[in-house]
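**Student:** Using the UniProt record's numbering, the first residue of the sequence shown is number 1, and each one after it goes up by one. For glycine and all other residues, C-beta sits at the position ideal for the given N, C-alpha and C.
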Amino acid sequence: MSARRVAVRSGLAQGWIELRQSFTNPAELVSHFLWPVLLLIALFFLRDRTFGGFQLGVLVLPSMVGMNAAMGMVSMSQLLTADREDGTLLRAKATPNGMLGYLVGKVVSVAAGLVVDLAILLIPGLLLVDGLTVGGSWIALFWVLLLGLVATLPLGAVLGSVFTTTRAQGLIQLPVLGLIAISGIFYPITALPGWVQAIAQVFPIYWLGLGMRSAFLADSFASVEIGDSWRHLATVGVLGAWAVFGLLVAPVVLRRMARRESGSAVAGRRERALRRVG
Numbered sequence: 001m002s003a004r005r006v007a008v009r010s011g012l013a014q015g016w017i018e019l020r021q022s023f024t025n026p027a028e029l030v031s032h033f034l035w036p037v038l039l040l041i042a043l044f045f046l047r048d049r050t051f052g053g054f055q056l057g058v059l060v061l062p063s064m065v066g067m068n069a070a071m072g073m074v075s076m077s078q079l080l081t082a083d084r085e086d087g088t089l090l091r092a093k094a095t096p097n098g099m100l101g102y103l104v105g106k107v108v109s110v111a112a113g114l115v116v117d118l119a120i121l122l123i124p125g126l127l128l129v130d131g132l133t134v135g136g137s138w139i140a141l142f143w144v145l146l147l148g149l150v151a152t153l154p155l156g157a158v159l160g161s162v163f164t165t166t167r168a169q170g171l172i173q174l175p176v177l178g179l180i181a182i183s184g185i186f187y188p189i190t191a192l193p194g195w196v197q198a199i200a201q202v203f204p205i206y207w208l209g210l211g212m213r214s215a216f217l218a219d220s221f222a223s224v225e226i227g228d229s230w231r232h233l234a235t236v237g238v239l240g241a242w243a244v245f246g247l248l249v250a251p252v253v254l255r256r257m258a259r260r261e262s263g264s265a266v267a268g269r270r271e272r273a274l275r276r277v278g
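In structure tokens, the structure reads:
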């Protein structure tokens, strides 16, 4: 068996171990449930409002599912930065094909954790709102979710390579929240000015929300979308473009980051962190 195959198998095993541990660690367990619960509370207050003759809650729940999938980008970035700061990446770098195994493990743990989080959100959400056509939507749900993860997780790895400390990760939060606000997640994007719609359509969050709405809603709901259409080809095109960009850029950035890692760099970051705490 080749060394790369051994690294991949090791990464797969590590990913599943990290996923199981996230449900035994109190802090990580809270993070699994906190965001879905907050979204369900928002859904509860939106469920009886209407837009374009449709219940807003029915439009919002699939959008929330798409938004949650996009948030894997932030999770990947935060984990990579934390592991860089505490020396985990340096240990992976010192192992033959260790970076490959490390990245496989992170992709598995983040992607599987997102699927669990989506279930925590979706199952109670289906009890709050009526009008979702879940039965015939599994194929669309699968390809939108898979393409969305491929489009966003490499971007998270790129962002995690750029920021050297967990404190700097706060710089990511505001732009992401701003994109969520203009991407038609909590209210149809057609209610926003045209220039705002144009900005939102550049990024994956809008397209993941649109794709999930197309998977869960009847065709009549497309009347509140741009062009009165689900725009499947455009969804594939934009998410595919981001996936290609991330897959091309992430390996280059990660290799460059790994070359810069050293024991002195890790010790320096640890010393600075201790001085902040002190």
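According to DSSP, is residue 201 part of a helix, a strand, or is it coil?
**Tutor:** Residue 201 falls in the coil class under three-state DSSP.
**Student:** So, do the region 119 to 128 and the region 185 to 200 have three or more beta carbon pairs nearer to each other than 8 Å?
**Tutor:** With a cut-off of 8 Å, the region 185 to 200 and the region 119 to 128 do not count as touching, because too few Cβ pairs lie within range.
**Student:** Contact defined as beta carbons within less than 8 Å: I believe residue 154 pairs with residue 70. What is the distance between those atoms, to the nearest angstrom?
**Tutor:** Going by Cβ atoms, the distance from residue 154 to residue 70 rounds to 13 Å, so no, they are not a contact pair.
**Student:** Can you tell me which of the three DSSP states residue 50 falls into?
**Tutor:** Correct three-state label for residue 50: strand.
**Student:** If you scan the region 139 to 191 from start to end, which runs of the beta strand (DSSP E) of 3 or more residues do you find wholly inside it?
**Tutor:** Listed in chain order, there is nothing to give.
**Student:** Do residue 72 and residue 171 count as a contact pair if the criterion is CB distance below 8 Å?
**Tutor:** Not in contact: residue 171 and residue 72 (Cβ atoms no closer than 8 Å).
**Student:** Which same chain residues, not among the five before or five after residue 196, have their C-beta less than 6 Å away from its C-beta?
**Tutor:** Closer than 6 Å at the Cβ level, and outside the excluded window around residue 196, lie 182.
**Student:** Going by DSSP, what residue range makes up the alpha helix (DSSP H) through residue 20?
**Tutor:** From DSSP, the alpha helix (DSSP H) with residue 20 extends over 3 to 22.
**Student:** Between 94, 217, 193, 221, which has its C-alpha nearest residue 138's C-alpha?
**Tutor:** Comparing Cα-Cα distances from residue 138 to each of 94, 217, 193, 221, the minimum goes to 217.
**Student:** Taking the straight line between their C-alpha atoms, what separation do you get for residue 10 and residue 146?
**Tutor:** Between residue 10 and residue 146, the C-alpha separation is close to 22 Å.
**Student:** Where does the unbroken alpha helix (DSSP H) through residue 85 begin, and where does it stop?
**Tutor:** Segment 72 to 86, the alpha helix (DSSP H) holding residue 85.
**Student:** Comparing C-alpha positions only, which one of 98, 247, 45, 49 sits nearest to residue 4?
**Tutor:** Checking every option, the nearest Cα to that of residue 4 belongs to 98.
**Student:** If I follow the unbroken alpha helix (DSSP H) through residue 125, where does it start and stop?
**Tutor:** From DSSP, the alpha helix (DSSP H) with residue 125 extends over 98 to 128.
**Student:** Would you mind sorting residue 152 into buried or exposed? The rule is 16 or more other CB atoms within 10 Å of its CB.
**Tutor:** Label assigned to residue 152: buried.
**Student:** Here's the rule: buried if 16 or more other CB atoms are within 10 angstroms of the residue's CB, otherwise exposed. What is residue 26?
**Tutor:** It counts as exposed.
**Student:** Going by C-alpha to C-alpha distance, which of 82, 85, 65 sits closest to residue 122?
**Tutor:** Checking every option, the nearest Cα to that of residue 122 belongs to 65.
**Student:** Have a look at residue 29 and residue 107 and give me their C-alpha separation to the nearest angstrom.
**Tutor:** Taking the straight line joining both Cα atoms gives about 19 Å.
**Student:** Sort 79, 53, 94, 124 by Cα distance to residue 111 and report the nearest one.
**Tutor:** Among 79, 53, 94, 124, the Cα nearest to that of residue 111 is on 79.
**Student:** When the Cα atoms are used, what is the spatial distance from residue 54 to residue 34?
**Tutor:** Approximately 28 Å, taken between the alpha carbons.
**Student:** In terms of residue numbering, what span does the alpha helix (DSSP H) encompassing residue 239 cover?
**Tutor:** Looking at the DSSP string, the run of the alpha helix (DSSP H) that includes residue 239 is 232 to 260.
**Student:** Is it buried or exposed, residue 221, if we count other Cβ atoms within 10 angstroms and call 16 or more buried?
**Tutor:** The residue in question, residue 221, is buried, as its Cβ has 16 or more Cβ neighbours within 10 Å.
**Student:** Apart from the five residues on each side of it in sequence, which residues of its chain come closer than 7 Å, Cβ to Cβ, to residue 13?
**Tutor:** Same-chain partners within the cutoff: there are none.
**Student:** Using only alpha-carbon positions, find the residue among 253, 226, 209 that is nearest to residue 193.
**Tutor:** Here the closest residue by C-alpha is 226.
**Student:** When the Cα of residue 234 is compared with those of 91, 210, 257, which residue comes out closest?
**Tutor:** The shortest Cα separation from residue 234 among 91, 210, 257 belongs to 210.
**Student:** I'd like to know if the region 79 to 92 and the region 40 to 58 are in contact, where contact means that at least 3 CB-CB pairs between them fall below 8 Å.
**Tutor:** They do not touch, by the three-pair rule.
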